[in-house]
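One structure is given here, and the rest of the page talks about it.
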Amino acid sequence: MLHEKIAQYAAEIKQFAPQSQEDAEAFRLKFLVAKGVIRNLFEEFKSVSPEQKRTLGKDLNELKLAAELKYKAMQEQFAASQATQKVNTDDLTLPGEGFVIGSRHPLSLVRKEIVEIFKKLGFVVAEGPEIEDDWHNFTALNFPPEHPARDMQDTFFIKKQDGNDIALRTHTSSVQVRMMENGQPPFRAIMPGRVYRNEAISARAHCFFHQVEGLYVDENVSFADLKQTLYFFVQELFGDGTKVRFRPSYFPFTEPSAEMDISCTICKGKGCAMCKGSGWVEILGCGMVDPNVLENCGVDPGKYSGYAFGMGIERVTNLKYEIKDLRLFSENDVRFLRQFETELI
Ligand code: DAH
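Just add 21 to the spot in the sequence shown (first one is 1) and you have this note's numbering.
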């Protein structure tokens, strides 16, 4: 009889004392699912006589409510005890979570990588001042006064009353001059640093950027040495299989001069937006140090020869990380900066 069944289940629900989450689940499966006890009782209820329906309907609804409330209580009970259990099982002797103190700037990462590669070949690192005079930035490097080559680089000048104008260096080639003036050959150094040019800021140009200059001066240094060094550098930095080509060019401080392209690292030479469809991207200027420059810096061009090269760190970084807007490097947007190597303390 339905009446007895309801009373029996009501007692069972009341007495049910779950020990675990599994017990609670068993309860739900028994009473509350579509094919569970309560639904079945409602099915049976359909066929009782109309007189019985009144009292039985009420009992049945109460039973349903009792089962639902019981199950809700169980859920709360186990959720709470799970939380306390978690606290109890935490290993309080574990070290705390480190917090992020920042990340290296992509230009610093690439500069470091470039320096490491040249160190393998015995190059040392040298630096020079960012505020330069005309001699070190231009004249010693074989840019005669009024020479149109000076216009190749728009310079920030400060005119001084005494005529000794000063400038923000436009390239790191000025450090070559200082190095040769202050030492004796052989010289084998790379010179990373910031340079400045009077350019409107856009995605492709900035008023300051970074270069790495290279210089090797010794007896019998040849263009073959230059090519071999740069070839090694490219394989190390961009990976085996990166192709290299040299195009004749002009710089006042080197003779002969060349520009070096590498096969586009993004499309692997097929042609894309980065290489403007050509499959090649220019990465540096280079050449044999002009004898006039050696002489200007007190090095005997009869005895010594040398090569030099200069590359933009931004350019190399753009290729490595596919960064298309130069402004990102100096805007300090942490969403950009956090994408690079991160340090924890
Ligand atoms: N100083 C040149 C520039 O800023 C780059 C350069 C070209 C440096 C050729 C060199 C070199 O040492 O040999 O565009």
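For glycine and all other residues, C-beta sits at the position ideal for the given N, C-alpha and C.
Along the chain, where does the alpha helix (DSSP H) containing residue i start, and where does it finish?
{"i": "Arg-356", "result": "355-358"}
{"i": "Tyr-237", "result": "Unbroken run through Tyr-237 is the beta strand (DSSP E), 229-239; no alpha helix (DSSP H)."}
{"i": "Ala-245", "result": "244-259"}
{"i": "Val-198", "result": "194-202"}
{"i": "Ile-222", "result": "No alpha helix (DSSP H) holds Ile-222; DSSP gives it neither H nor E."}
{"i": "Ser-129", "result": "127-141"}
{"i": "Glu-316", "result": "312-317"}
Can you tell me whether residue i is buried or exposed, with buried defined as 16 or more other CB within 10 angstroms of its CB?
{"i": "Tyr-92", "result": "buried"}
{"i": "Glu-153", "result": "buried"}
{"i": "Thr-114", "result": "exposed"}
{"i": "Ser-223", "result": "exposed"}
{"i": "Val-198", "result": "buried"}
{"i": "Gly-333", "result": "buried"}
{"i": "Glu-330", "result": "One detail in the question is off: residue 330 reads as Phe in this sequence, not Glu. With 16 or more other Cβ atoms within 10 Å, it is buried."}
{"i": "Leu-315", "result": "buried"}
{"i": "Asp-172", "result": "exposed"}
{"i": "Pro-273", "result": "buried"}
{"i": "Thr-338", "result": "buried"}
{"i": "Val-302", "result": "buried"}
{"i": "Val-145", "result": "exposed"}
{"i": "Asp-311", "result": "buried"}
{"i": "Phe-48", "result": "buried"}
One question on the structure: do residue i and residue j come within less than 8 Å of each other, judged by their Cβ atoms?
{"i": "Cys-307", "j": "Cys-296", "result": "no"}
{"i": "Val-233", "j": "Pro-213", "result": "yes"}
{"i": "Leu-251", "j": "Met-281", "result": "yes"}
{"i": "Ala-147", "j": "Val-196", "result": "yes"}
{"i": "Leu-81", "j": "Val-69", "result": "no"}
{"i": "Lys-309", "j": "Glu-343", "result": "With the sequence shown as reference, residue 309 is identified as Met, and Lys is not the correct amino acid for it. Contact flag unset, no."}
{"i": "Phe-230", "j": "Glu-335", "result": "yes"}
{"i": "Thr-193", "j": "Arg-218", "result": "no"}
{"i": "Asn-163", "j": "Asn-313", "result": "yes"}
{"i": "Leu-23", "j": "Leu-53", "result": "no"}
{"i": "Arg-359", "j": "Ser-124", "result": "yes"}
{"i": "Val-238", "j": "Gly-327", "result": "yes"}
{"i": "Lys-131", "j": "Lys-341", "result": "A small correction: the amino acid at residue 131 is Val; Lys does not occupy that position in the sequence shown. Their beta carbons are under 8 Å apart, which means Val-131 touches Lys-341 by this criterion."}
{"i": "Glu-151", "j": "Arg-215", "result": "yes"}
{"i": "Val-58", "j": "Lys-67", "result": "no"}
Would you kindly work out how many angstroms separate the C-alpha atoms of residue i and residue j, rounded to a whole number?
{"i": "Phe-159", "j": "Gly-323", "result": "23 Å"}
{"i": "Phe-357", "j": "Leu-236", "result": "34 Å"}
{"i": "Val-320", "j": "Glu-202", "result": "8 Å"}
{"i": "Gln-174", "j": "Val-355", "result": "32 Å"}
{"i": "Val-136", "j": "Ile-211", "result": "7 Å"}
{"i": "Gln-42", "j": "Lys-85", "result": "21 Å"}
{"i": "Ala-45", "j": "Gly-117", "result": "36 Å"}
{"i": "Ala-94", "j": "Ile-122", "result": "45 Å"}
{"i": "Phe-293", "j": "Ile-287", "result": "The identity of residue 293 in the sequence shown is Cys, whereas the question assumes Phe. Cys-293 and Ile-287: Cα-Cα distance of roughly 8 Å."}
{"i": "Trp-156", "j": "Pro-169", "result": "16 Å"}
{"i": "Leu-128", "j": "Phe-139", "result": "17 Å"}
{"i": "Ala-279", "j": "Val-255", "result": "16 Å"}
{"i": "Ala-87", "j": "Gln-103", "result": "24 Å"}
{"i": "Lys-74", "j": "Asp-112", "result": "59 Å"}
{"i": "Thr-176", "j": "Ala-188", "result": "7 Å"}
{"i": "Ala-100", "j": "Glu-33", "result": "23 Å"}
{"i": "Ala-245", "j": "Lys-180", "result": "42 Å"}
{"i": "His-227", "j": "His-126", "result": "17 Å"}
{"i": "Glu-220", "j": "Pro-166", "result": "22 Å"}
{"i": "Phe-267", "j": "Leu-247", "result": "11 Å"}
{"i": "Asn-317", "j": "Gly-149", "result": "18 Å"}
{"i": "Phe-430", "j": "Leu-305", "result": "No statement about residue 430 is possible, as the shown extent of the chain runs from 22 to 366 and does not include it."}
{"i": "Glu-65", "j": "Gln-36", "result": "24 Å"}
{"i": "Lys-291", "j": "Val-242", "result": "35 Å"}
State the start and end residues of the unbroken beta strand (DSSP E) segment that holds residue i.
{"i": "Pro-277", "result": "275-284"}
{"i": "Pro-39", "result": "Neither: Pro-39 is in no beta strand (DSSP E) and is coded neither H nor E."}
{"i": "Pro-269", "result": "265-272"}
{"i": "Ile-211", "result": "208-217"}
{"i": "Phe-330", "result": "326-333"}
{"i": "Ile-152", "result": "152-154"}
{"i": "Ile-21", "result": "For the chain, the structure presents residues 22 to 366; residue 21 sits outside this window and is missing."}
{"i": "Val-121", "result": "121-124"}
{"i": "Leu-53", "result": "No beta strand (DSSP E) holds Leu-53; DSSP gives it neither H nor E."}
{"i": "Ile-187", "result": "187-189"}
Give a yes or no on whether the minimum CB-CB distance between residue i and chain D is below 8 Å.
{"i": "Glu-25", "result": "Here chain D cannot be found, since the structure has a single protein chain."}
Considering only heavy atoms of the ligand ZN, does any lie closer than 7 Å to the CB of residue i?
{"i": "Ser-243", "result": "The model depicted lacks the ligand ZN and carries the ligand DAH instead."}
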